[in-house]
Amino acid sequence: MRKLLITLAFLGASFTYAQETENPTISKALENLFNKSTTEANLPEEKPLYLKIVPSQTSDRSTLIYRCRYIKAKSIIDSIESATSPTGTVETSDEQNIITINDENAQLNEIQELLLSLDIPTPQVLVEAEIIEVQMGNGSEWDAGLSLGYDGSSAGALLGGMKGYPLAGALYPTENGTWIDIVGDIQDNVDINARLRWLENNDKAEILSSPNLLVDLGTTATVSTGTDQPLLNVSVNNGVSQESVYYKRTGVNLRVTPQLINKDTVTLQVCPEVTSVVGYATLSASSEPPIISVRNIDTKLNVKDGGVVMMGGLYSSKDIESEERVPILSSIPFIGRLFRSTTVTQEQVQLIFLLKVTIVPDSLETVLNNLDTSKQDVKGASEVLRNMMAPEATEE
């Protein structure tokens, strides 16, 4: 089996992982998910040229030119203007992401510190997901062998039970296929084969998607897998009927939004959604648009760094038609149908979402170090300002 080495680079952070080019097995996917993820912080150069001070030859004023590295210059212009003196001016260049400040030398010291405090990397998290479809069969429920720990940090009820203890409520398929609140946080990535043996040994489990999302704080990342259903739109203009085709995507959609990133915990807004065609509506002789069923959940989770969250309980049913026949006799014209039988069985299908959340190191832990490094880098510029102000102090 070949592997594809993929490297993601995004706003000062990189992540490298190997992805199998063929469909991975459930056991392999779970093994990869619970292995420790490695992320590397791309620190700035030792002395980046992002700040320059141009002193005036005729006055005690200077011009500070600063290139924002992590944020848009126009997003901090209000904060910078509030720190300038009444005679100070602030301008920005959107193309080069540069902010230019002209002010008194004494005021530029304060502005410089403010710039360094505002221009910091945006916190990021890496979300590794496994979207698994399991055929449960009619009336099936979770096997008691599925045993998951729970540390109380995530919203929702415990999914499964610790070994030797009963389940926290059996999960039977619901008639309308709605979500059951079974969000849990797997505690300690140990003994995964035993804790997830039901999922690994289920020969009817299929991995639909294994996305890896690198997400900024406050930004929504979306991954979808499915098909585009063509829909016919009919409009009448001046008695003339016009038809156009547009598409509606059906399948699995997952949206993840980090709302709060702390040192070792992440607050996530997670919204899985499943859409499917359940039938067709007859609107006219030439129009039979599909009836689309939508099932989703919108929940907020508090997950530890490196923790794994499991979400399930989204059931749907589908009819599977199978045919049994007697060899040779079933192929005889006219009477062959007597030796064939068709049966329709209903199977319950459940979707399981496994999400592993890892805080990118450059997001938080290196921000303060990065800020200290930046202050050292501009130390020389500060010395220039102090030296320019020193003669005036001597004269007084």
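In the numbering used here, the protein residues as written are 920 to 1315.
Don't be surprised by glycine CBs; every beta carbon is placed ideally from N, CA and C.
Since the model is a prediction, treat every value here as computed from it, not as a measurement.
Alpha-carbon to alpha-carbon, residue j and residue i
i	j	result
Y1166	P1208	11 Å
N1172	G1232	16 Å
I984	Y1234	58 Å
N1057	N1181	The predicted model places N1057 with a pLDDT of 44, which falls under 50 and marks its position as unreliable, so this point remains unresolved.
T1186	E1052	26 Å
I1126	S1250	38 Å
V973	S1143	51 Å
V1159	V1153	10 Å
I999	L1027	10 Å
P1040	Y1199	50 Å
V1134	K991	18 Å
V1036	R1214	The sequence shown places Ser at residue 1036, rather than the Val named in the question. Computed Cα separation, rounded: 44 Å.
From the options, residue whose alpha carbon lies closest to that of residue i
i	options	result
V1196	A1124, S994, E1032 and G1145	G1145
D1147	D1135, V1222, T1003 and V1164	V1164
R1256	E1243, P1177, R1214 and V1263	E1243
T1277	I1039, L1035, Q1054 and V1227	V1227
L1034	L1136, I996 and I1210	I996
I1141	A992, N1157, D1022 and Q1188	Residue 1141 is actually Thr in this sequence, not Ile. The residue with the shortest Cα to Cα distance from T1141 is Q1188.
S975	S1260, F1258, I1020 and V1134	I1020
T1261	I1239, L1270 and Q1267	I1239
I1050	P1246, T1201, T944 and I1254	T944
P1005	Q1015, Y989 and E1023	E1023
R980	T1003, R988, Y989 and K993	T1003
Reduced DSSP category for residue i - H, G, I as helix; E, B as strand; rest coil
i	result
N1028	helix
G1255	helix
G1226	coil
D1038	coil
P1191	strand
P1149	strand
L1248	helix
P1005	coil
S1128	strand
S1160	strand
E1049	strand
K1123	coil
K1182	coil
K1167	strand
D1110	Note that D1110 has pLDDT 37, beneath the 50 cutoff, so the model's placement of it is unreliable and no number is given.
L1033	helix
S1241	strand
Contact belief for residue i with residue j at Cβ below 8 Å, rounded distance in angstroms
i	j	result
P1191	I1216	6 Å
T1194	G1170	7 Å
R986	I1030	The pair is not a contact, with the Cβ atoms about 15 Å apart (cut-off 8 Å).
T1184	K1223	6 Å
P1042	L1136	4 Å
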